[in-house]
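The sequence shown begins at 572 in our numbering and counts up one residue at a time. Each remark here refers to the structure printed beneath this line.
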Amino acid sequence: MGKKKRKQAESLPVRSGDLLQLFKDEKRPLKLQDFFRLLGLSKSYRAALEEALEDLRAKGRILQLRGGSWGLAEQLKMVTGTLEVQRSGVGFVLPEDKRRADIFISPAQMGQAWHGDKVMVALLSERAGRKPEGRIVRVLERGHELVPARVVKLMGKAGVLAQPADTRLRFSMLVSRGALDGKPRKNELLLVEPGERLEPNLWSGVAVESLGVEEDVSTQEVLVKLNHNVPTEFPQEVLDQAAALPDQPSEDDFAGRVDLRHVDFVTIDGAKARDFDDAVYVEEQHDGWRLWVAIADVSHYVQPRTALDEEALTRANSYYFPQSVEPMFPEALSNGLCSLNPRVPRLAMVAEVYFYADGTPGKSRFYPAVIESKARLTYGQVNRAVLQKDPHERKLLGPVLPMLEQAEQLARVLKRRRRDRGSLDFDLPEPEIIFNIYGETVDIGRRVRHFGHQMIEEFMIAANEAVARFLTEKETGLLYRVHPAPDIDKLENFFKLMRGTALAHKVPPQAGAAQLQTLLHAAEGTEQEFLVNRLALRTMMQARYTPDLEGHFGLASECYCHFTSPIRRYADLVVHRALKHALGLAVATPPAPRTLLRIGDQLNIRERAGMEAEREILKRITVLYLRDRVGEEFSGVISGVSDFGFWVELGEVMAEGLVRLSLLHDDYYEFIPERQELMGERTGRTFRLGQSVRVLLSGINVPRLEVDLELLEHEDSRVPQRKEGNRSAERDRRRGGSGDRKGMTVAAQARKAEARLRAQGGAPQEHEDFQAPAAQSGDADVLVRAEDGSLIVADDADDRPAASGKPARGRSRRSSGGRTGKKTAGASGNSAGGKNAKRGARPAAAGAKKKKPAARPEKAGGTKKKTA
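Have a look at this one:
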């Protein structure tokens, strides 16, 4: 008993906030004796004081200095944040204080930090007009407890040399086989628990389990989920809480709700969707239409601060992959009790909105209801029945067909009105991965989109706007979905670039948001449409969630939120609770503004992780698929230009690769950024965005996710024969050839020979000695790249080379002869080695650097609709 009393007496009588305030008042570093003296504490509190100081240090608020003193991090010019490393090797620390700009970290200043780590940074410079630079002084928390790694070499009887599968982790690992049952094979993927640092670029580790071989798509999905901390298992407490919920709503649940089970609601989703958030019904009225949008009432079952709620906030949204989905809620809710499945009663929150004949919204009503969906329709069914007038499909959809035809009319009116007010619609192709019954990729094509998709999108946008307007009028706190307008300098550079194209006569004299839509419309159906859409998209900022009303530039909406997908987005659940509060329904007290801000920050971070994971899995599957097509020729369009090469989007396959100037020996090429063009100094040959070319797939590097291309033709002209020197002869020797290529790799010659043999009825021989060349550097992604060709997962146009008006920073073989831009010798391999331009302020997700939300193939377990 005496021991317990002593422990209570020694508990620190001051809070952490008091300790921080003391640092601010004294304006200097403090030692332990300073705390005793200034706070009037006896030395019996030493252990409690040290524990409190260590807790503040772990949180990054203070820093222990040499000599045993402690300093306030902000007064020592220290910043706490999360390190994001680009594939080029440079990094940025995203400060916890969102008012601060991202801090550039060169590879030499990273210390022992890895991508994803929570770190403390010492600021080295903060110059006006430039991003601050810093040096990482401490790793506060590792971002990855386990690291997926690829076996490079077996080392003795019990170890392997491995490299992290995430190319942003730039070190090797000496791994003990640990719990593995057998001997791993080369290129097998292991899950490794990192140990201590052995050398500057070598760490120890213990293998926890084998993930499988990299050729398997399911293995790649597991790998990507680990790389981006995508949750895969629900805590048992969450599963228990979900299991305790009923299978169906009861009559007691219907009390106080409007009964709409007689209304012919329908859901319209992808063919493989399993979770149905929304159902719609449209009715023509004397001078317009009335739209009912019923959304699953998840908030009825998921109460704030419960295990289900906390886990949903941690996940922030559902994560969709080509062959799997990681839902925000357990399947019992996402696919069962909350899903608006057909012919069963379901609880919903309804937005009932009246629209006049011109699409102007009239009076709106919002209320809880019970509905019963009459049909589970797909986008394809609606397209065939309503748009293509297919007799068979129209007969099948007979009971709901009149309603669908009214829905089509209303959707077209809403789209026209939205377009008239300045909403942007980028017409960019989206990839769709096609699998066979064994789960193997058989094609990567262009996803077909039609008005069947757009019809539902228009209704969801309309409901989101109606709810946002209502809550704003009621002065109820909520999370808005905001999309900032692009920086005017970026727009001016973009317009300047367009004045050098065939669209010059249609480019407005002044650059602005409204003029941007005019330019996009002018490019529709022209040869410049590809160029205009790509470059305009790169000027966009990223959308985000915030409690501040800032408007949505992309939708030209003054007031917008997300209301329509609470099964898969936590932001929508927050809005549902706010709506119930505004309606006077019995719900918990809404979050305070600071809490909303914190929730919004969490959702923005996880949304970004989901976007990056979606891009990475698409890229990994693309690289694996193309590996078997090395040596084939493709048509394509130049989709990106830099001072070391250009990217080509292939026509036959929805993929992209890099043509390096180091493989063009006919001239020295100068990069002219204001025209997004490479020009030959001697020949005047040009390579520019949107230009058609013919290329050869010359190599694939799976670990680095690279697709290497060689130029064959462009604009009906053949590239001059390259000189055969020691470099090309050595490259051919590695491929198994003789060096006499005549513009074609040995692998390509072999494939053509096999094709001729098949045509003659013979059986081709196996060419095991033909190997694809090792890739050098670069990246096969579409929109955002570093100067070395690697992908920069950016969130704002400062990361992109497009229309910047500034020359890229890098080395060239010869200096420029007086013209703005950089000259790069085609024979030089140095052009890709420059430093990376520093990243600009990061925006958010829906309009930023992403193409249209990256490939949304229909997934096993669910699909998601497009969101703005």
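Just so it is clear, CB atoms sit at the ideal spot from N, CA and C, and this is done for glycine as well.
Exercise for the section: Would you mind giving the Cβ-Cβ distance between Gly520 and Ile1209, rounded to the nearest angstrom? I have them listed as a contact below 8 Å. Expected result: An answer regarding residue 520 cannot be provided, because it is not within the stretch 572 to 1439 covered by the chain.
Practice task
Measure the C-alpha to C-alpha separation of Leu1468 and Met691 and round it to an integer number of angstroms.
Solution key: Residue 1468 cannot be examined here, being either before or after the span of the chain that is shown, 572 to 1439.
Handout entry: Cross-strand partners of Pro939 (DSSP beta bridge)
Key = Met920
Exercise for the section: Could you tell me which uninterrupted beta strand (DSSP E) segments, each at least 3 residues in length, are contained entirely in the segment 1113-1154, listed from first to last along the chain? Expected result: 1115-1117
Practice task
Indicate whether Arg721 and Gln734 have their beta-carbon atoms separated by less than 8 Å.
Solution key: yes
Practice task
Check Ser1263 in the structure and name its three-state DSSP category.
Solution key: strand
Practice task
Over the uninterrupted alpha helix (DSSP H) stretch that includes Ala865, give me the two end residues.
Solution key: Counting along the chain, Ala865 falls outside any alpha helix (DSSP H), though it belongs to the beta strand (DSSP E) covering 859-867.
Practice task
Ignoring anything shorter than 3 residues or poking outside the segment 1193-1249, list the beta strand (DSSP E) runs there in chain order.
Solution key: 1204-1213, 1216-1221, 1227-1231, 1239-1243
Exercise for the section: For Thr1089, name the three-state secondary structure that DSSP assigns. Expected result: helix
Practice task
Along the alpha helix (DSSP H) that carries Val879, what are the first and last residues, could you check?
Solution key: It is Leu, not Val, that sits at residue 879 in the sequence shown. Run containing Leu879: 878-886, per the alpha helix (DSSP H) assignment.
Practice task
Starting from Ile676, follow the beta strand (DSSP E) in both directions and report where the run begins and ends.
Solution key: 674-676
Practice task
My understanding is that Gly899 touches Arg917, with C-beta atoms under 8 Å, so please give their C-beta distance in whole angstroms.
Solution key: The sequence as given places Met at residue 899; Gly does not occur at that position. About 18 Å; that fails the 8 Å criterion.
Handout entry: Burial state of Ala1157, where buried means 16 or more other Cβ atoms lie within 10 Å
Key = exposed
Problem - Buried or exposed (CB count within 10 angstroms, at least 16 for buried), Gln604 - result: exposed
Practice task
Starting from the C-beta of Asp1014, find all residues in its chain whose C-beta is less than 7 Å away, skip the five residues before and the five after it, and write them out in chain order.
Solution key: Ile1005
Problem - Alpha-carbon spacing of Ile1188 relative to Arg670, whole angstroms - result: 32 Å
Handout entry: N- and C-terminal bounds of the beta strand (DSSP E) containing Asp1060
Key = Element bounds for Asp1060: not the beta strand (DSSP E) but the alpha helix (DSSP H), 1059-1069.
Exercise for the section: Excluding the 5 residues preceding and the 5 following Glu1339 in the sequence, name in chain order all residues of the same chain whose CB lies nearer than 6 Å to its CB. Expected result: With a pLDDT of 28 at Glu1339, under the threshold of 50, the predicted position of this residue should be treated as unreliable, though the coordinate-derived value follows. Once the five neighbours on either side are set aside, Glu1339 has no close Cβ partner at all.
Problem - Beta bridge counterpart(s) of Thr1012 as assigned by DSSP - result: Phe1006
Problem - Candidates Gly993, Pro1000, Lys966, Tyr950: closest to Glu979 by CA position - result: Tyr950
Practice task
Mind checking who Glu1281 pairs with in its DSSP beta bridge?
Solution key: Leu1267
Exercise for the section: Leaving aside the five residues before and after Leu606 along the sequence, list all residues of the same chain whose C-beta is less than 7 Å from its C-beta, in chain order. Expected result: According to the sequence as given, residue 606 is Phe; it is not Leu. Closer than 7 Å at Cβ, skipping near neighbours: Leu612, Leu620.
Handout entry: Three CB pairs or more closer than 8 Å across the segment 846-866 and the segment 791-810
Key = no
Exercise for the section: Taking all protein chains shown into account, decide if Gln952 is buried (16 or more other Cβ within 10 angstroms of its Cβ) or exposed. Expected result: buried
Problem - Environment of Gly1397 [buried if 16+ CB atoms lie within 10 Å] - result: Model confidence at Gly1397 stands at a pLDDT of 44, short of 50, so the residue's coordinates are unreliable and nothing is read from them.
Exercise for the section: Go through the segment 700-735 residue by residue and report every complete run of the beta strand (DSSP E) that reaches 3 residues or more, in order. Expected result: 704-712, 718-726, 730-735
Practice task
Excluding the 5 residues preceding and the 5 following Ser1386 in the sequence, name in chain order all residues of the same chain whose CB lies nearer than 6 Å to its CB.
Solution key: The predicted position of Ser1386 is uncertain, since its pLDDT is 33 and thus under 50; no value can be drawn from it.
Handout entry: Ser582 to Val710 span [Cα, whole Å]
Key = 29 Å
Handout entry: Nearest candidate by alpha-carbon position, reference Ala1082, set Ala1107, Glu1098, Arg845
Key = Ala1107
Exercise for the section: Grab the span of the beta strand (DSSP E) containing Gln635 for me, first residue to last. Expected result: 633-635
Handout entry: Nearest-angstrom beta carbon gap, Pro1161 and Gln1043 [assumed within contact, 8 Å]
Key = The question names Gln, but residue 1043 is Thr in the sequence shown. Between Pro1161 and Thr1043 the Cβ distance is about 14 Å, and since that is not below 8 Å, they are no contact.
Handout entry: C-alpha gap between Arg1017 and Tyr852, whole angstroms
Key = 31 Å
Exercise for the section: Would you identify the three-state DSSP class for Ile1188, choosing helix, strand or coil? Expected result: helix
Handout entry: Beta carbon of Asp818 nearer than 8 Å to that of Val941
Key = no
Handout entry: As assigned by DSSP and simplified to three states, the class of Asn1104
Key = helix
Practice task
Label Val784 either buried or exposed according to how many other C-beta atoms from any shown protein chain fall within 10 Å of its C-beta, with 16 as the threshold for buried.
Solution key: exposed
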